[in-house]
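Participant:
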Amino acid sequence: MKPPSFEYHVPGDVDEAVGLLAELGEDAKAIAGGQSLVPMLALRLANPEHLVDLRRLDGLRGVEERGGTVRIGAGTTQAAVARSAGVARSVPLMARATPLIGHFQIRNRGTVGGSLAHADAAAEYPAVVLALDAELQAVSPRGTRTIPAAGFFTGLWSTALDEDELLTAIDFPVRRGRSGFAIEEFARRGGDFAIAGAAVALELDDAGRVARCGIGLFGLGSTPLRAPAAEAAATGAALADIDPDELGRTAIGELDAVPADLHASADHRAHVGAVVVARAWRRAAEEAGRRAAEEAGHRAAEEAANG
1 MKPPSFEYHV
11 PGDVDEAVGL
21 LAELGEDAKA
31 IAGGQSLVPM
41 LALRLANPEH
51 LVDLRRLDGL
61 RGVEERGGTV
71 RIGAGTTQAA
81 VARSAGVARS
91 VPLMARATPL
101 IGHFQIRNRG
111 TVGGSLAHAD
121 AAAEYPAVVL
131 ALDAELQAVS
141 PRGTRTIPAA
151 GFFTGLWSTA
161 LDEDELLTAI
171 DFPVRRGRSG
181 FAIEEFARRG
191 GDFAIAGAAV
201 ALELDDAGRV
211 ARCGIGLFGL
221 GSTPLRAPAA
231 EAAATGAALA
241 DIDPDELGRT
251 AIGELDAVPA
261 DLHASADHRA
271 HVGAVVVARA
281 WRRAAEEAGR
291 RAAEEAGHRA
301 AEEAANG
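Residue numbering for the sequence shown follows UniProt numbering, starting at 1 and increasing by one per position.
(1) Just list the residues that DSSP pairs aspartate 171 with in beta bridges.
(2) Once you ignore the five residues that flank arginine 283 on each side, which residues in its own chain have a CB closer than 7 Å to its CB?
(3) Quick check on this structure: which residue in Asp133, Ala32, Ala237 and Val14 has the alpha carbon closest to the alpha carbon of leucine 214?
(4) As a quick exercise: from Ala117, Gly208 and Met40, pick the residue whose alpha carbon is nearest that of leucine 165.
(5) Exposed or buried, arginine 279, counting other C-beta atoms within 10 Å across all chains shown (16 or more means buried)?
(6) Between the beta-carbon of phenylalanine 153 and the beta-carbon of threonine 144, is there less than 7 Å?
(7) Would you identify the three-state DSSP class for phenylalanine 186, choosing helix, strand or coil?
(8) Quick one: complete beta strand (DSSP E) runs, 3+ long, within the stretch 200 to 225?
(9) Considering Cα atoms alone, identify which of Glu7, Gly34, Ser265 and Glu286 is closest to alanine 28.
(10) Excluding sequence positions up to five away, which residues of its chain have a Cβ less than 6 Å from the Cβ of glycine 219?
(11) Give a yes or no on whether the C-beta atoms belonging to arginine 83 and glycine 33 are separated by under 7 Å.
(12) Shorter than 7 Å from the beta carbon of glutamate 294 to some beta carbon of chain B?
(13) Does the Cβ of proline 99 lie closer than 6 Å to at least one heavy atom of the ligand ZN?
(14) Going straight from the alpha carbon of glycine 19 to that of leucine 161, what length do you get?
(15) Tell me where the beta strand (DSSP E) around histidine 103 begins and ends.
(16) Following the continuous beta strand (DSSP E) through threonine 144, name the residue where it begins and the one where it ends.
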């Protein structure tokens, strides 16, 4: 099918883009890489009268570390995230999620902000920002506001962004030291949306107990989700006392409903969901434990050197 007719706008800066969105209201749609919106237009799942193209907005692109925060511009392509040494070092969960997104042609055009604003429940980035407690920056004629990831995804393909707001950047807390990160998903073919997936971020305290953990779920509801009961069960416990399989069952057991579709029944998706949570937890826990052991070894060596 061909997309419906629309009027095309190419603003030169963020202020102009926001002004167009405010002026045109619900009849306008912002387009970045177009990897989600263009197929929706072709299938007539979206029918905007105006498209506001963000490709000339250089200020929306780039990665910048600011003290304890890494800011990724909303217009940064997924391929650029994959190439960024700063992201790999300071936000490794984003770096590890990126190769799972579609194919390299999609990642060359698709943007971080486009994926988040599209809010597909089976996409990787939304679950990652939830697991990491990221903050999303949005601008409108009224100014800039910060939206916590936990309050950003409001429903199927819907977010907390107002019609005249533009997503400009995402701020990620830098988590180093005794931390571990992993993302696991199951899809029928490489590049397909996941039937179920999980992103895990955890940190250990000096005693080797879980000080903080975030478990983001995708493909398991109408929105990307957190698993608060599983997170609460793990927090404060020693890694050796946590059964990853039981944690996976807890994460899935707290869901109100698991969707069924042509790709998987609800029971199958729930079973796979529990498995990928357990796998992601094991990998993240192994990394956190290894880093804790390395840190303890360095500390012991320093103490020995200092006599």
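All C-beta atoms in this analysis are idealised placements derived from N, C-alpha and C, irrespective of residue type, glycine included.
Facilitator: Working from what's here:
(1) Aspartate 171 is bridged by DSSP to Arg71 and Glu135.
(2) Ala182
(3) In the sequence as displayed, the identity of residue 214 is glycine instead of leucine. Here the closest residue by C-alpha is Asp133.
(4) Sequence check: residue 165 is glutamate here, not leucine. Nearest of Ala117, Gly208 and Met40 to glutamate 165, Cα basis: Ala117.
(5) buried
(6) no
(7) strand
(8) 210 to 218
(9) Glu7
(10) Ala122, Ala194, Ile195, Ala196 and Gly197
(11) no
(12) Here there is only one protein chain, and chain B is not present.
(13) Of the ligands one can find in the structure shown there are none, so the ligand ZN has no counterpart to examine.
(14) 15 Å
(15) Looking at the DSSP string, histidine 103 is not in any beta strand (DSSP E), and its letter there is neither H nor E.
(16) 143 to 148
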